[in-house]
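Peer 1: Residue numbers (this note's numbering): 265 to 642. Each residue gets a CB set at the ideal place from its N, CA and C atoms; glycine is no exception. Just so it is clear, the structure is predicted and the values come from calculations on it, not from any experiment.
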Amino acid sequence: MSTIGVLGGGQLARMLALAGAPLGVRFLIVDNVADACAGQVAPLLVADWRDFAALERFAAQIDVATFDFENVPADTAHWLTEHTRVSPNPRALALAQDRLAEKSMFRELGLETPAFATVDSREDLVRAAATIGFPAVLKTRRLGYDGKGQFRLRSADDIDAAWRALGGAPSILEAWVAFEREVSVVAVRGRDGAFATYPLVQNWHSDGILSASLAPAPDAAGLAELATHHARRIAEHLDYVGVFALELFVRDGKLLGNEMAPRVHNSGHWTIEGAPCSQFENHVRAVLGLPLGDTAALGVSVMLNWIGQLPDAGPVLREPRGHWHDYGKSPRAGRKVGHATLCAGNAADLGEALARVARALGREAQAAPVLAALHGAR
Ligand code: AMP
265 MSTIGVLGGG
275 QLARMLALAG
285 APLGVRFLIV
295 DNVADACAGQ
305 VAPLLVADWR
315 DFAALERFAA
325 QIDVATFDFE
335 NVPADTAHWL
345 TEHTRVSPNP
355 RALALAQDRL
365 AEKSMFRELG
375 LETPAFATVD
385 SREDLVRAAA
395 TIGFPAVLKT
405 RRLGYDGKGQ
415 FRLRSADDID
425 AAWRALGGAP
435 SILEAWVAFE
445 REVSVVAVRG
455 RDGAFATYPL
465 VQNWHSDGIL
475 SASLAPAPDA
485 AGLAELATHH
495 ARRIAEHLDY
505 VGVFALELFV
515 RDGKLLGNEM
525 APRVHNSGHW
535 TIEGAPCSQF
545 ENHVRAVLGL
555 PLGDTAALGV
565 SVMLNWIGQL
575 PDAGPVLREP
585 RGHWHDYGKS
595 PRAGRKVGHA
605 TLCAGNAADL
615 GEALARVARA
625 LGREAQAAPV
635 LAALHGAR
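Structure below.
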């Protein structure tokens with residue numbers, strides 16, 4: 265019987281614990297809030313990331329530590345490596361925590377990115393804006409996710425507001441990309457170097473937060489192969505063990521690297537019902553050194569994120585292949601509180617199910633771009 269320790273007790277830890285249970289895997293979650301939602305399904309240790317006495321108790325009870333949250337301090341991750349096995353390794357975690365290091369690595373490994381420049385001062389920002397042009401987006405190097413720590417600049421008039429909004433934190437200025445679509449690839453690498461990817465997924469965001477994912481991304485065979493190639497290079501370069509996601513923009517039919525998430529990812533939630541082995545089970549398998557599971561898509565799936573509060577579950581549950589996920593969190597603006605996945609054998613059937621659910625829930629706007637993509641795929 266193995267025990268996986270998870271730093272962070274949100275919905276990702278919760279779904280990891282649920283996926284590990286049939287394999288007989290135990291979990292111990294550490295989070296600094298007592299009502300962390302993973303605590304509803306697995307033992308929770310309430311402690312701060314820097315409480316090393318508590319971390320020592322944590323490390324003594326687990327076989328391997330992993331993360332539901334990528335912004336765990338690097339020194340905590342390093343400390344853990346001296347007390348237990350840690351997957352993914354702290355180098356991968358540190359790299360994904362810093363947008364500058366991450367984008368520089370993408371380029372080194374042959375994955376193009378939007379144009380970007382380092383910004384450490386207001387003067388840097390003025391200089392960067394002159395080379396990058398507008399529109400652009402200023403992003404803090406650290407602690408940014410779900411559109412947080414970002415400011416869009418339309419013209420030079422926005423420079424002061426952007427600099428103030430980000431509090432003068434070390435940042436990068438990035439060209440705003442008029443992309444055709446956003447896609448992601450969820451990949452897994454085992455301890456023995458075995459590597460697999462799930463089919464490429466198409467994603468839609470609203471206010472910087474994932475709103476919907478469609479898997480597999482329609483008409484994307486060539487892009488999928490390329491995305492897998494880049495994901496493999498990154499995984500091997502970082503000697504990565506576990507699941508990670510690579511988020512990409514498609515512009516002029518080419519891939520641009522946006523960011524990597526060194527953990528299971530929201531754009532992979534559809535794999536719970538839409539693939540033979542979910543991203544959560546594969547992460548569990550990878551970090552425990554077990555053989556990886558099948559990552560093929562079983563038909564087509566769409567995932568809708570519920571942000572702020574949950575809608576009525578009825579219309580999803582009435583669908584023959586509708587699946588409901590309530591993370592057990594209290595409602596709050598901008599918070600991911602649940603998701604639904606609809607699966608079908610083909611794009612036409614999936615489109616019909618999605619249209620029915622969207623109509624019943626008044627979520628036509630959320631579903632519209634997915635329906636358009638599905639329509640194009642028929
Ligand atoms: P991020 O946290 O960097 O992944 O940004 C969240 C979302 O904002 C992305 O998924 C895109 O929808 C959008 N976004 C971020 N950076 C850019 C960019 N340079 N050009 C266009 N859209 C962007």
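Smallest Cα separation from Ala-481: which of Arg-455, Gly-521 and Phe-513?
Peer 2: Looking at the Cα atoms, Phe-513 is the closest of the given residues.
Peer 1: What are the boundary residues of the beta strand (DSSP E) that Gly-269 is part of?
Peer 2: It spans 267 to 271 - the beta strand (DSSP E) in which Gly-269 sits, taken as one unbroken run.
Peer 1: Go through its chain and collect everything with a Cβ distance to Ser-475's Cβ below 7 Å, but skip five positions before and after it.
Peer 2: The answer, listed in chain order, is Trp-468, His-469, Asn-569 and Gln-630.
Peer 1: Span of the beta strand (DSSP E) holding Asp-339?
Peer 2: From DSSP, Asp-339 is part of no beta strand (DSSP E) but of the alpha helix (DSSP H) over 338 to 345.
Peer 1: From Ser-594, Asn-530 and Leu-562, pick the residue whose C-alpha is nearest to that of Ala-300; which is it?
Peer 2: Taking only the C-alpha atoms, the option nearest Ala-300 is Ser-594.
Peer 1: Opposite Trp-468 in the DSSP bridges: which residues?
Peer 2: DSSP, once it has assigned bridges, lists Ala-476 as partnering Trp-468.
Peer 1: Just the Cα atoms here: how many angstroms apart are Gly-272 and Arg-386?
Peer 2: The alpha-carbon atoms of Gly-272 and Arg-386 are separated by roughly 34 Å.
Peer 1: Is Val-580 close to the ligand AMP? I mean its beta-carbon at under 8 Å from any heavy atom of the ligand.
Peer 2: Every heavy atom of the ligand AMP is 8 Å or more from the Cβ of Val-580, so no.
Peer 1: Thr-330 by DSSP, collapsed to three states: which one?
Peer 2: Correct three-state label for Thr-330: strand.
Peer 1: Counting only beta-carbon atoms, is Glu-376 nearer than 9 Å to chain B?
Peer 2: No chain B is part of this structure, which consists of one protein chain only.
Peer 1: Taking C-beta to C-beta, are Gly-643 and Arg-406 nearer than 9 Å?
Peer 2: Given a span of 265 to 642 for the chain in the structure shown, any question on residue 643 remains unanswerable.
Peer 1: Taking the straight line between their C-alpha atoms, what separation do you get for Ile-423 and Pro-463?
Peer 2: In a straight line, the C-alpha of Ile-423 is about 40 Å away from that of Pro-463.
Peer 1: Should Leu-276 and Phe-333 be called a contact, given that it needs their Cβ atoms to be closer than 9 Å?
Peer 2: Against a cut-off of 9 Å, the Cβ pair of Phe-333 and Leu-276 comes out as a contact.
Peer 1: What runs of the alpha helix (DSSP H), each 4 residues or longer, lie entirely inside the segment 547 to 582?
Peer 2: You should have 578 to 581.
Peer 1: Please report the residue range of the beta strand (DSSP E) in which His-603 lies.
Peer 2: Counting along the chain, the beta strand (DSSP E) containing His-603 begins and ends at 600 to 608.
Peer 1: In the DSSP assignment, what are the bridge partners of Ala-381?
Peer 2: For Ala-381, which the question treats as bridged, DSSP gives the partners Leu-437.
Peer 1: Measuring from the CB of Glu-446, is there a heavy atom of the ligand AMP at a distance below 8 Å?
Peer 2: Yes, the ligand AMP has a heavy atom inside 8 Å of this Cβ.
Peer 1: Could you check how far apart the C-beta atoms of Ser-506 and Val-450 are, in whole angstroms? I think they sit under 8 Å.
Peer 2: Reading the sequence as shown, one finds Gly at residue 506 and not Ser. With 8 Å as the limit, Gly-506 and Val-450 do not qualify as a contact, their Cβ atoms being about 11 Å apart.
Peer 1: Where does Gly-432 sit, in a helix, a strand or coil, going by DSSP?
Peer 2: Coil at Gly-432, not helix or strand.
Peer 1: Among residues of its own chain, excluding the 5 on either side of Glu-210, which ones have a beta-carbon nearer than 6 Å to its beta-carbon?
Peer 2: Nothing about residue 210 can be read from this structure; the chain reaches only from 265 to 642.
Peer 1: If you run the structure through DSSP and keep just helix, strand and coil, what is Lys-593?
Peer 2: Coil at Lys-593, not helix or strand.
Peer 1: Following a CB-centred definition, is Asn-335 positioned closer than 8 Å to any heavy atom of the ligand NAP?
Peer 2: Because the ligand NAP does not appear in the structure shown, any question about it cannot be addressed here, the ligands present being the ligand AMP.
Peer 1: Closer than 8 Å to a non-hydrogen atom of the ligand AMP - does that hold for the CB of Phe-322?
Peer 2: For the ligand AMP, not one heavy atom lies less than 8 Å from the Cβ of Phe-322.
Peer 1: What is the DSSP secondary structure of Lys-412, counted as helix, strand or coil?
Peer 2: If DSSP states are grouped into helix, strand and coil, Lys-412 belongs with coil.
Peer 1: Looking only at its own chain, which residues have a Cβ that is under 8 Å from the Cβ of Arg-321, when we skip the five neighbours before and after it?
Peer 2: Answer for Arg-321: Leu-309, listed in chain order.
Peer 1: With DSSP as the reference, please indicate the residues paired to Ile-293 in a beta bridge.
Peer 2: Per DSSP, Val-270 and Leu-308.
Peer 1: Among Leu-554, Val-528 and Ala-420, which one has its Cα closest to the Cα of Asp-456?
Peer 2: Of the listed residues, the one whose Cα sits closest to Asp-456 is Leu-554.
Peer 1: The beta strand (DSSP E) with Gly-486 in it runs from where to where?
Peer 2: Where Gly-486 is concerned, there is no enclosing beta strand (DSSP E), although the alpha helix (DSSP H) it sits in stretches over 485 to 501.
Peer 1: In angstroms, rounded to a whole number, what distance separates the CA positions of Leu-487 and Gly-517?
Peer 2: Whole-angstrom Cα-Cα distance: 8 Å.
Peer 1: Can you tell me whether Asn-569 sits near the ligand AMP, meaning its C-beta is under 8 Å from at least one heavy atom of the ligand?
Peer 2: No, the beta carbon of Asn-569 sits no closer than 8 Å to any heavy atom of the ligand AMP.
Peer 1: Is the distance from the Cβ of Ala-392 to the Cβ of Val-383 below 9 Å?
Peer 2: Closer than 9 Å, so yes.
Peer 1: Please report the Cβ distance between Ala-637 and Leu-478, rounded to the nearest whole angstrom; I am assuming they are in contact, meaning their Cβ atoms lie under 8 Å.
Peer 2: Yes, they are in contact, since the Cβ atoms of Ala-637 and Leu-478 sit about 6 Å apart, within 8 Å.
Peer 1: So what does Ser-448 bridge to, in DSSP terms?
Peer 2: Ser-448 is bridged to Val-465 and Glu-511.
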